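Undergrad: Protein chains in written order, with the working numbering: chain A, 1 to 118; chain B, 119 to 236.
Just so it is clear, CB atoms sit at the ideal spot from N, CA and C, and this is done for glycine as well.
Computed from a predicted model, the values in this text were never measured in an experiment.
Sharing a structure with you now.
Protein chains: 2
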Amino acid sequence: MRCSPLVREPLTQDWAGDLARMFKALGDPVRLRLLSLVASHAGGEACVCDISESFDLSQPTISHHLKVLREAGLLDCERRGTWVYYWVVPSALQQLSAVLLTESAPTVPSEACAEVPA
Amino acid sequence: MRCSPLVREPLTQDWAGDLARMFKALGDPVRLRLLSLVASHAGGEACVCDISESFDLSQPTISHHLKVLREAGLLDCERRGTWVYYWVVPSALQQLSAVLLTESAPTVPSEACAEVPA
């Protein structure tokens with residue numbers, strides 16, 4: 001059961017490894033801002049051309065950070081012509097959000113958990 | 119407003135920096151398991167003596183990881199006699215959980231947000 005909050009029972013070693021890879025990708029301010037910019041962009045997707053004007057970083061640096069987020073399973077992408085378009089993987093964010101829930105916070109309904117890939 | 123999910127609007131630079139420090143601390147499987155073990159321990163707190171038998175790691179290594187979690191604001195602690203006792207900071211986990219919420223997930227009620235230190 002991959003939606004069980006970490007405050008409820010100790011994480012298994014395998015599960016902690018999977019989660020740590022995703023949290024590590026979020027452990028950088030530029031990557032967090034990139035993820036947020038993509039997620040909040042009109043239509044829920046963005047290309048590097050949409051993003052680069054918000055960051056004082058080279059396009060290769062931005063592309064590198066986007067790749068780290070993609071490899072962690074937090075973003076997905078598709079090439080269309082010249083540009084690669086990115087969008088967030090909602091089930092990944094839901095999984096991380098659910099595992100951090102404390103007893104005093106509302107629980108994620110079981111339908112949301114069912115969407116989370118094992 | 120520190121509960122706004124990152125999918126709703128782009129994170130500011132300052133806020134992304136604060137969040138990234140916490141996510142970075144979670145970006146290690148041992149630290150995630152330690153946090154979970156402390157959080158799910160009877161009474162909601164644990165000392166290194168309770169924890170060390172679950173890990174094939176030296177006590178100084180465990181103490182180092184606990185220090186990283188404490189410095190990130192995810193754990194708090196208190197010395198009692200020989201041992202230091204640790205417990206999770208619920209508002210920190212709630213803050214991270216809330217920022218990762220997607221539109222399709224339930225929103226954290228405003229009372230929970232009010233508990234989150236700015």
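Which residues share a DSSP beta bridge with L193/B?
TA: For L193/B, which the question treats as bridged, DSSP gives the partners V206/B.
Undergrad: Could you tell me if G145/B is buried or exposed, where buried requires 16 or more neighbouring beta carbons within 10 angstroms of its beta carbon?
TA: Buried, since its Cβ has 16 or more Cβ neighbours within 10 Å.
Undergrad: Using only the alpha-carbon positions, how far apart do E78/A and S4/A sit?
TA: When rounded, the distance between both Cα atoms is 32 Å.
Undergrad: Check whether chain B comes within 9 Å of E45/A, counting only Cβ atoms and requiring the distance to be less than that.
TA: So no, E45/A is outside the interface.
Undergrad: Pick from L6/A, Q13/A, L35/A and A25/A: whose alpha carbon is nearest that of R126/B?
TA: It is L35/A whose Cα lies nearest to the Cα of R126/B.
Undergrad: Measuring alpha carbon to alpha carbon, tell me which residue in S52/A, C47/A and S91/A is nearest G81/A.
TA: Residue C47/A is the option with its Cα nearest to G81/A.
Undergrad: List the residues that DSSP assigns as beta-bridge partners of A46/A.
TA: A46/A pairs with Y86/A.
Undergrad: For S170/B, which residues of its own chain have a beta-carbon under 8 Å away from its beta-carbon, when the five flanking residues on both sides are left out?
TA: Excluding residues within five positions, the ones whose Cβ falls inside 8 Å are Q177 and I180.
Undergrad: Compare the Cα-Cα distances from L192/B to each of T130/B, A138/B, A143/B and W133/B and report the closest residue.
TA: It is A143/B whose Cα lies nearest to the Cα of L192/B.
Undergrad: By a C-beta neighbour count over all protein chains shown, 10 Å radius and 16 as the cutoff for buried, is E233/B buried or exposed?
TA: Residue placement at E233/B cannot be trusted, given a pLDDT of 41 that sits under 50; the coordinates are not used to answer.
Undergrad: Which same chain residues end up closer than 8 Å to P235/B when comparing Cβ atoms and leaving out the 5 residues on each side of it in sequence?
TA: Confidence at P235/B is low in this model, with a pLDDT of 45, below 50, so the placement of that residue should be treated as unreliable; the coordinate-derived value is given next. If we look at P235/B and ignore the five residues flanking it on each side, its Cβ neighbours are S209.
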